[in-house]
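Down below is the structure, laid out as structure tokens.
Residue numbers (the numbering used here), protein chains in the order written: chain V, 317 to 649; chain Z, -1 to 378.
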């Protein structure tokens, strides 16, 4: 297949993604993924911290943005058994702020109604992924950044079982907040996780329909099933391309609309892809025992995180309609 | 599985984009939207010649054959600007997109020297003889036959759906040179045929709107020289398949309803109600991602890869996008202010509604493409 001819094309990316894949397979296998879905930091997480991979997005890492973001795609392909994208984002912000990286798992909270009094930043953020005891919160608000290990947490419902909470932070200002678009950055990371998860459920669905025999032949010998697989492959490919589009825009000024396009497309692909994978897996894929839901429930979560396809499409649409002409606006994305 | 490399914009390519936009504004200025909506079915030899004079046809071909030694990305910029503007590119489109590259890849030195310069000049046009009355999606059932005779070939058979055969100088004919239809892919070849050769009859097949672009082309004891063979005798199938990656992945697979989409965005304008935002933004998002994928395929082609699977994905997703455009326009048309609701806009909408079914038929049906994608997954 074409991808093989391109192995030499991105040696750095291959090095990073292969190390990450090996680490996840060895230290954070399915049992760890399942632990993460019960709101726990899984056994084996230490290996992820020790690997240094979560520093990849820091400006001083020596790793290109797109290569670093490929880690989030690998994480998604393994159902993200921990705050991988979240810690990468936190370390990116800490790096930009000139602060040392997180020593363990971390997540980012953008505070609403933030106030600074006597160097103390207080504020609240809802729906913070992986906000739980033992996870450092990097909170941004009022132009300041704080590091908090002990915010007040209120657990929130989660589609995937992955932990999320609203946080109330009161901590000393550690630095000036970097002037970056955190929502867009998180959306870019989720776009990569979605692309990774869709690639995995495509492989799982291809495998299952190729081996499950009904009416005396493998399911995938039926043209209707083949066409479902083709649609799933196309949505996975679109999400992969959306991730690539987002990678080119990550962290750069004036690229919010490009990431809007990428996240809107990837979130749409997540819903369509998860639906097809379930349809083609049949009843077995709807069970707790089967691992399909570790990906599909995460997809349903991630398509909503950092703005769902409707939110981003509305923002992009308003900008499209306000642009002087349509096509030059598209080519500028 | 699939891979669509990111192709970052280059300053040279963006400068070229500006030149093309200025040229199109000059050349097409007053052309009504309803006419632009015909997109790559708009046929205008004068426009093609003007484009050729600018060096924007056969851009990636070597200078020795009338080309311009430009990159695939530069060509991509030119063709997407042409399509986005609804420029009438049909006359030279097939020669530029696939017949020229085919001759360049498989043709003899003499064929390259005699055929390519006029194609690059935008004065020599090609059509593709693939489908037949009994061979539509099932291309391997081809029955048009070229028999070897002393000094050349004698051709008999009928081609169907041949776009602009009535205005083309050359046909790249896919035909059987040995065996029978039962032999399927084996024994097929490609010949290049001068459309003025005696024995060729071209009859129009009007589309559902009464427009003439399709034709039936009958070959009745048509004789051509030995030098008509393109590539290797018996290798026609493999050659055609490599040609299809060019045919399927280009921006024409998602930009042929652009005139309506651009017109809709302009008609709704910045004051459009919030209800219009998400549907329009969704189209912008799809377009941005399709463009990213299609530029990636152009890069893969330039690198000598065989992105048949990626091309099929772009075309299938592109067709779904294009077919949604008129539906979204219908959903939002009530929000178009009456002053913007011109006859031209309505004609563009009506045309696009009616042409929409063709986008998942031409160049490989949706069903064929999904079969190709499934095969790419290793399940067929």
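Glycine included, C-beta positions come from ideal geometry on N, C-alpha and C.
Nearest residue (CA-CA) to residue i, options the options
i                      : options                       : result
residue 402 of chain V : V:357, V:574, V:379 and V:522 : V:357
residue 383 of chain V : V:332, V:431, V:359 and V:432 : V:332
residue 117 of chain Z : Z:81, Z:58 and Z:19           : Z:58
residue 202 of chain Z : Z:192, Z:214 and Z:195        : Z:214
residue 502 of chain V : V:623, V:564, V:442 and V:571 : V:623
residue 640 of chain V : Z:64, Z:264, Z:14 and Z:335   : Z:264
residue 164 of chain Z : Z:147, Z:41 and Z:240         : Z:41
residue 221 of chain Z : Z:309, Z:140, Z:189 and Z:249 : Z:189
residue 237 of chain Z : Z:212, Z:62, Z:51 and Z:97    : Z:97
residue 37 of chain Z  : Z:259, Z:64, Z:230 and Z:223  : Z:259
residue 500 of chain V : V:608, V:346, V:538 and V:565 : V:565
residue 517 of chain V : V:633, V:411, V:612 and V:621 : V:612
Reduced DSSP category for residue i - H, G, I as helix; E, B as strand; rest coil
i                      : result
residue 151 of chain Z : strand
residue 534 of chain V : strand
residue 495 of chain V : coil
residue 636 of chain V : helix
residue 321 of chain V : Summary for residue 321 of chain V: the model assigns pLDDT 38, below 50, so the residue's position carries little reliability; its value from the coordinates is reported in the next sentence. In the structure shown, residue 321 of chain V sits in a helix (DSSP, three-state: H, G or I).
residue 454 of chain V : strand
residue 94 of chain Z  : helix
residue 277 of chain Z : helix
residue 445 of chain V : strand
residue 379 of chain Z : A question about residue 379 of chain Z goes unanswered here, because the residues of chain Z that appear run from -1 up to 378.
residue 372 of chain Z : helix
residue 87 of chain Z  : coil
residue 198 of chain Z : strand
residue 650 of chain V : With chain V running from 317 to 649 in the structure shown, residue 650 of chain V is simply not present.
residue 612 of chain V : helix
residue 442 of chain Z : With chain Z running from -1 to 378 in the structure shown, residue 442 of chain Z is simply not present.
residue 342 of chain Z : helix
residue 221 of chain Z : strand
residue 648 of chain V : coil
Interface partners of residue i on chain V, CB under 8 Å
i                      : result
residue 2 of chain Z   : 553, 556, 557 and 560
residue 264 of chain Z : 641 and 642
residue 140 of chain Z : None at all; the shortest Cβ gap to chain V is about 23 Å.
residue 270 of chain Z : 637
Chain-ordered neighbours of residue i on chain V, where CB pairs are closer than 7 Å
i                      : result
residue 284 of chain Z : 581
residue 191 of chain Z : Result: empty, since nearest Cβ-Cβ is about 33 Å, beyond 7 Å.
residue 278 of chain Z : 633, 636 and 637
residue 333 of chain Z : Under the 7 Å cutoff, chain V gives no residues; its nearest Cβ is about 10 Å from residue 333 of chain Z.
Identified DSSP bridge partners for residue i
i                      : result
residue 204 of chain Z : Z:210
residue 382 of chain Z : Outside the displayed range of chain Z (-1 to 378) lies residue 382 of chain Z, so it cannot be described from this structure.
residue 143 of chain Z : Z:154 and Z:174
residue 603 of chain V : The partner list for residue 603 of chain V (beta bridge, DSSP) is empty, contrary to what the question assumes.
residue 124 of chain Z : Z:168
residue 162 of chain Z : Residue 162 of chain Z is not bridged to any residue.
residue 482 of chain V : V:470
residue 440 of chain V : V:428 and V:484
residue 313 of chain V : Look at the range of chain V in this structure, 317 to 649, and you will see that residue 313 of chain V is not part of it.
residue 233 of chain Z : Z:186
residue 130 of chain Z : Z:133
residue 215 of chain Z : Z:157 and Z:200
Chain Z residues whose Cβ lies nearer than 8 Å to that of residue i
i                      : result
residue 522 of chain V : 375, 376 and 377
residue 626 of chain V : 276
residue 435 of chain V : Within chain Z, no residue comes near residue 435 of chain V; the closest Cβ sits about 41 Å away, beyond 8 Å.
Expected contact under 8 Å - CB spacing of residue i and residue j to nearest Å
i                      : j                      : result
residue 319 of chain Z : residue 284 of chain Z : 5 Å
residue 251 of chain Z : residue 317 of chain Z : 7 Å
residue 521 of chain V : residue 615 of chain V : With 8 Å as the limit, residue 521 of chain V and residue 615 of chain V do not qualify as a contact, their Cβ atoms being about 13 Å apart.
residue 255 of chain Z : residue 350 of chain Z : 5 Å
residue 55 of chain Z  : residue 127 of chain Z : Not a contact, Cβ separation roughly 21 Å.
residue 167 of chain Z : residue 133 of chain Z : 24 Å between Cβ atoms; not a contact.
residue 490 of chain V : residue 528 of chain V : 54 Å between Cβ atoms; not a contact.
residue 453 of chain V : residue 483 of chain V : 6 Å
Residue i: contacting residues in chain Z (beta-carbon distance under 9 Å)
i                      : result
residue 536 of chain V : 372, 375, 377 and 378
residue 542 of chain V : 368, 369, 371, 372, 373, 375, 377 and 378
Short CB-CB distance (under 8 Å) between residue i and chain A
i                      : result
residue 398 of chain V : Given the protein chain composition of this structure (V and Z), no chain A is represented.
Neighbouring residues, chain Z, relative to residue i (Cβ below 7 Å)
i                      : result
residue 526 of chain V : 377
residue 529 of chain V : Simply none; closest approach about 14 Å.
residue 571 of chain V : None at all; the shortest Cβ gap to chain Z is about 12 Å.
residue 387 of chain V : The contacting residues do not exist; residue 387 of chain V stays about 17 Å from chain Z at best.
residue 503 of chain V : Simply none; closest approach about 12 Å.
Partners in chain V for residue i, counting only beta-carbon separations shorter than 9 Å
i                      : result
residue 49 of chain Z  : The premise fails here: residue 49 of chain Z is roughly 18 Å from chain V at the closest Cβ pair, so nothing lies under 9 Å.
residue 36 of chain Z  : Result: empty, since nearest Cβ-Cβ is about 17 Å, beyond 9 Å.
residue 311 of chain Z : 546, 549, 550, 553 and 554
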